[in-house]
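Protein sequences, first through last, are from chains A and B.
Mapping to full-length UniProt numbering: the first sequence position 146 is 146, numbers consecutive.
Mapping to full-length UniProt numbering: the second sequence position 21 is 21, numbers consecutive.
All residues carry an ideal CB built from backbone N, CA and C; glycine is no exception.
Keep in mind it's a predicted model, so treat the numbers as computed, not measured.
There are 2 protein chains.
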Amino acid sequence: MTEVTLPVREQTACTDESLQLGLIELLFFAYRDFTSDPDELLLQYGFGRAHHRVLHFVTHRPGMTVAELLEVLRITKQSLARVLKQLIDTGYIIQIPGPRDRRQRELYATQKGKELALALALPQSRRINTALREAGIDRAVVEQFLRAMVNPERRRQLDRHQPGALAAEDDRHDRRGTAR
Amino acid sequence: MTEVTLPVREQTACTDESLQLGLIELLFFAYRDFTSDPDELLLQYGFGRAHHRVLHFVTHRPGMTVAELLEVLRITKQSLARVLKQLIDTGYIIQIPGPRDRRQRELYATQKGKELALALALPQSRRINTALREAGIDRAVVEQFLRAMVNPERRRQLDRHQPGALAAEDDRHDRRGTAR
DNA sequence: TATTTATGTCAACAAAACTGACATATTTCA
DNA sequence: TGAAATATGTCAGTTTTGTTGACATAAATA
Chain A
1 MTEVTLPVRE
11 QTACTDESLQ
21 LGLIELLFFA
31 YRDFTSDPDE
41 LLLQYGFGRA
51 HHRVLHFVTH
61 RPGMTVAELL
71 EVLRITKQSL
81 ARVLKQLIDT
91 GYIIQIPGPR
101 DRRQRELYAT
111 QKGKELALAL
121 ALPQSRRINT
131 ALREAGIDRA
141 VVEQFLRAMV
151 NPERRRQLDR
161 HQPGALAAED
171 DRHDRRGTAR
Chain B
1 MTEVTLPVRE
11 QTACTDESLQ
21 LGLIELLFFA
31 YRDFTSDPDE
41 LLLQYGFGRA
51 HHRVLHFVTH
61 RPGMTVAELL
71 EVLRITKQSL
81 ARVLKQLIDT
91 GYIIQIPGPR
101 DRRQRELYAT
111 QKGKELALAL
121 ALPQSRRINT
131 ALREAGIDRA
141 VVEQFLRAMV
151 NPERRRQLDR
161 HQPGALAAED
171 DRHDRRGTAR
């Protein structure tokens with residue numbers, strides 16, 4: 001029964017650090033419950049988690065192009081097309097031709113879309129706030145840890161697109177400006 | 001552009017707490033990168049993430065029954081059957097009839113299975129350790145937060161099955177003992 | 001003008017979940 | 001003991017969400 005607690009020799013031989021089995025499992029359980037929060041609501045709208053993700057990013061990065069959305073979600077355009085089309089057809093998202101480059105489609109959440117995005121964020125936000133309070137931990141501490149868990153290449157994006165930070169849009173416009 | 005930072009009125013009206021948009025996104029990005037760590041390895045073995053999860057829990061809760069595995073994973077038996085059968089057929093997991101109840105199948109990882117489970121845990125563990133170091137945070141703090149993120153009903157299971165804790169097996173045997 | 005780029009779309013496919021139905025062996029209960 | 005409940009396995013069909021590959025269109029760019 002003791003040898004099931006995984007080979008300690010290999011563990012120390014490879015990394016001289018502990019195998020974080022506890023945190024690995026906790027991440028699984030915590031994330032599963034966290035994502036299950038909006039599920040019931042999504043079901044009522046006939047949407048799935050893929051729709052949730054698209055609506056979230058379009059709402060919080062208004063004016064995002066299709067290419068930018070693909071890069072954030074890391075899926076193929078064919079995969080995105082299905083859910084995005086549904087969100088557009090049902091009036092949660094609108095597309096407008098890019099003012100500088102008319103090939104691009106800038107994406108915006110409608111009022112209806114913003115309201116749904118908020119309704120989906122509320123239970124997740126409540127879970128996080130409750131957990132922070134119960135554990136007696138400051139938001140910034142968890143934020144630091146999670147940020148460090150993200151691949152370094154991706155962290156730049158996070159800095160540019162802090163939800164609520166307005167620098168993001170300006171930055172995007174700058175890039176497109178200099179590209180001409 | 002400012003109204004996109006979501007209706008502050010509703011936010012305060014509902015919960016008097018902040019909408020944790022930053023943490024919601026960070027959880028998405030962090031978990032995605034975290035789960036992508038073992039992907040390359042899994043691909044080489046012709047397995048997917050579903051196999052990873054099954055192998056993980058069978059390795060760290062040896063003697064688990066099919067029913068217990070289903071409860072932890074929260075999937076249907078038809079869904080489990082497919083991946084479990086593959087793991088058994090390829091010699092990563094074995095089944096033995098429960099000694100007390102011969103209808104049950106107790107699941108055990110083979111040596112081969114334990115080795116793969118370890119190899120899959122290593123990159124995830126490394127990411128966690130690096131993140132803790134970079135953020136200068138103690139493991140216990142993150143553990144407290146993640147535990148509080150899990151649905152309260154589930155936390156009991158976590159206490160019984162701390163990876164590395166040996167009380168789990170005894171507990172299970174006790175339960176089955178009294179059931180007769 | 002020719003090429004590249006941004007987007008859209010068609011078709012086929014795969015992983016991993018689901019439901020519903022039914023079979024078998026074993027245990028439990030009246 | 002015989003009937004009912006339980007643990008597991010399996011067949012068949014469906015859904016969601018991802019994939020590849022191919023090709024079309026409009027707009028920008030060299």
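**OP:** Starting from L19 (chain B), follow its DSSP beta bridges and name the residues at the other end.
**Re:** As a position in the second sequence, residue 19 (chain B) is number 19, starting the count at 1. Bridge partners of L19 (chain B): none, in fact.
**OP:** Indicate whether at least one CB of chain A lies closer than 8 Å to the CB of L116 (chain B).
**Re:** As a first step, residue 116 (chain B) must be located in the second sequence, where it is residue number 116. Cβ-Cβ to chain A under 8 Å: no for L116 (chain B).
Original post:
In this structure, does DSSP put P62 (chain A) in helix, strand or coil?
Top reply: Residue mapping note: residue 62 (chain A) aligns to position 62 of the first sequence, counting from 1. P62 (chain A) falls in the coil class under three-state DSSP.
Original post:
Quick one: what does DSSP say Y108 (chain A) is sitting in, helix, strand or coil?
Top reply: As a first step, residue 108 (chain A) is located in the first sequence; it is residue number 108 there, counting from the start. Residue state, collapsed to three classes: strand.
Original post:
Does E68 (chain B) get closer than 8 Å to chain A when you measure Cβ to Cβ?
Top reply: Residue mapping note: residue 68 (chain B) aligns to position 68 of the second sequence, counting from 1. It does not; no Cβ of chain A falls within 8 Å.
Original post:
So, using beta-carbon positions, are A135 (chain B) and F145 (chain A) closer together than 8 Å?
Top reply: As a position in the second sequence, residue 135 (chain B) is number 135, starting the count at 1. As a position in the first sequence, residue 145 (chain A) is number 145, starting the count at 1. Contact: yes.
Subject >> Nearest-angstrom Cβ-Cβ length linking L27 (chain A) and F34 (chain B), presumed shorter than 8 Å >> reply: Working through the first sequence from its first residue, we reach residue 27 (chain A) at position 27. Working through the second sequence from its first residue, we reach residue 34 (chain B) at position 34. Under the criterion of beta carbons closer than 8 Å, L27 (chain A) and F34 (chain B) qualify as touching, at roughly 6 Å.
Original post:
Any C-beta of chain B sitting closer than 8 Å to the C-beta of Q124 (chain A)?
Top reply: Numbered from its first residue, the first sequence carries residue 124 (chain A) at position 124. With a threshold of 8 Å between beta carbons, Q124 (chain A) makes contact with chain B.
Subject >> Inter-residue spacing [alpha-carbon to alpha-carbon] between R160 (chain A) and D89 (chain A) >> reply: Here residue 160 (chain A) refers to the residue found at position 160 of the first sequence. Here residue 89 (chain A) refers to the residue found at position 89 of the first sequence. Cα to Cα, R160 (chain A) sits roughly 30 Å from D89 (chain A).
**OP:** Could you list the residues in the region 134 to 147 of chain A with a C-beta less than 9 Å from some C-beta on chain B, going in chain order?
**Re:** E134, A135, G136, I137, R139, V141, V142, E143, Q144, F145, L146 and R147
**OP:** Using only alpha-carbon positions, find the residue among B:A30, B:V150 and B:S125 that is nearest to L21 (chain A).
**Re:** In the first sequence, the residue the question calls residue 21 (chain A) occupies position 21. Nearest C-alpha to L21 (chain A): B:S125.
Original post:
Alpha carbon to alpha carbon, what distance is there between G91 (chain A) and R103 (chain A)?
Top reply: By one-based count along the first sequence, residue 103 (chain A) stands at place 103. By one-based count along the first sequence, residue 91 (chain A) stands at place 91. Each residue's alpha carbon lies about 22 Å from the other.
Subject >> For Q95 (chain B), the residue or residues it bridges with in DSSP >> reply: Locating residue 95 (chain B) in the second sequence gives position 95, where the first residue counts as 1. DSSP lists B:L107 as partners of Q95 (chain B).
Original post:
What does M149 (chain B) touch in chain A if you count any residue whose Cβ is under 7 Å from its own?
Top reply: Residue numbering aside, residue 149 (chain B) sits at position 149 when the second sequence is read from its first letter. Simply A30, D33, F34, R127 and A131.
**OP:** Compare the C-beta of Q121 (chain A) with all C-beta atoms of chain B and state if any pair is closer than 8 Å.
**Re:** Within the first sequence, numbered from 1, the residue matching residue 121 (chain A) stands at position 121. In the sequence as displayed, the identity of residue 121 (chain A) is Ala instead of Gln. A121 (chain A) counts as touching chain B.
Subject >> Beta-carbon proximity list for R53 (chain B), same chain, < 7 Å, skipping 5 on both sides >> reply: Here residue 53 (chain B) refers to the residue found at position 53 of the second sequence. Correct list, in chain order: L73.
Original post:
How would you label I93 (chain B), buried or exposed, when you count the other beta carbons within 10 angstroms and need 16 or more for buried?
Top reply: Mapped onto the second sequence, residue 93 (chain B) falls at position 93. The residue in question, I93 (chain B), is buried, as its Cβ has 16 or more Cβ neighbours within 10 Å.
Original post:
Comparing the C-beta of T12 (chain A) with each C-beta of chain B, is any distance below 8 Å?
Top reply: Within the first sequence, the letter at position 12 stands for residue 12 (chain A). Below a pLDDT of 50, predicted positions are generally treated as unreliable, and T12 (chain A), at 45, falls in that range; no measurement from the model is reported.
Original post:
Pick from B:H60, B:T59 and B:T76: whose alpha carbon is nearest that of A67 (chain B)?
Top reply: Here residue 67 (chain B) refers to the residue found at position 67 when the second sequence is read from its first residue. The shortest Cα separation from A67 (chain B) among B:H60, B:T59 and B:T76 belongs to B:T76.
Original post:
Which residues in chain B sit within 8 Å of R154 (chain A), going by Cβ to Cβ distance?
Top reply: Against the first sequence, residue 154 (chain A) aligns to sequence position 154. Correct list: F29 and D33.
Original post:
Cβ of Q95 (chain A) less than 8 Å from any chain B Cβ?
Top reply: Locating residue 95 (chain A) in the first sequence gives position 95, where the first residue counts as 1. Output row for Q95 (chain A): interface = no.
**OP:** Starting from D89 (chain B), trace the alpha helix (DSSP H) both ways and give me its first and last residue.
**Re:** Working through the second sequence from its first residue, we reach residue 89 (chain B) at position 89. K77 to D89 is the extent of the alpha helix (DSSP H) around D89 (chain B).
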